[in-house]
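Here the structure comes first, spelled out in structure tokens, and everything after it is commentary.
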Amino acid sequence: MYQSQLKIHTRVHTREKPYRCDVCDRSFQTRSILTVHYLTHSEERPYSCDACTKSFKSSSGLRTHKRTHTGEKTYTCGVCRKSFTSSSNLKLNSEGAHAHTHRRKTVHMRCLQEVFYFQVKSEEAQAHTHGRKTVHMRRLR
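Take the sequence shown: its letter number 45 is residue 45 in UniProt numbering, and every next letter is one higher.
See the structure below:
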């Protein structure tokens, strides 16, 4: 991992968001995320679907939309095995239909020479990879 990547990674733990939008005052962890965010304040929709007339502000919006034409559903619920075209639809399913199945527990882990305590909750939490093991977690306040 490069030094610059490590610096950005530590912001996940510190919740540091040094890049602030001068239009709405929201903050972001990286300059590139802020740049993409600026499109939300514009009417410009530079990403057009070649299968229909819809256009989008972001390439990720277009990519998600294209799945409606192909039928591709890349996000699968671990509880009911139902598939979705976007992570936000999967999250809605998890929080609605399966809210009772998402039990919370507290774990601790050593990361970057510090001990952090996290509240674990499946689909809602961030994915954080250490070696080959993926842990879904959210830092406790």
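Built from N, CA and C at the ideal position, the CB exists for glycine as well.
Quick one: is residue i buried, meaning 16 or more other Cβ sit within 10 Å of its Cβ, or exposed?
| i | result |
| --- | --- |
| L92 | exposed |
| L6 | exposed |
| S94 | buried |
| T85 | buried |
| M109 | Note that M109 scores a pLDDT of 45, beneath 50, so its modelled location is shaky and nothing firm can be said. |
| R20 | exposed |
| P18 | exposed |
In this structure, what does DSSP give as the bridge partners for residue i?
| i | result |
| --- | --- |
| T76 | S83 |
| S48 | S55 |
| Y19 | F28 |
Which residue marks the beginning of the alpha helix (DSSP H) containing residue i, and which one marks its end?
| i | result |
| --- | --- |
| K15 | It is Arg, not Lys, that sits at residue 15 in the sequence shown. Premise fails: R15 is in no alpha helix (DSSP H) and is neither H nor E. |
| V36 | 31-38 |
What is the C-beta distance between residue i and residue j, in whole angstroms, given that I count them as a contact (C-beta under 8 Å)?
| i | j | result |
| --- | --- | --- |
| Y47 | S59 | 5 Å |
| L39 | C49 | No, L39 and C49 are not in contact; Cβ-Cβ is about 17 Å, not under 8 Å. |
| H37 | F28 | 6 Å |
| K54 | H65 | 6 Å |
| F56 | R67 | About 13 Å separates the two Cβ atoms, so there is no contact after all. |
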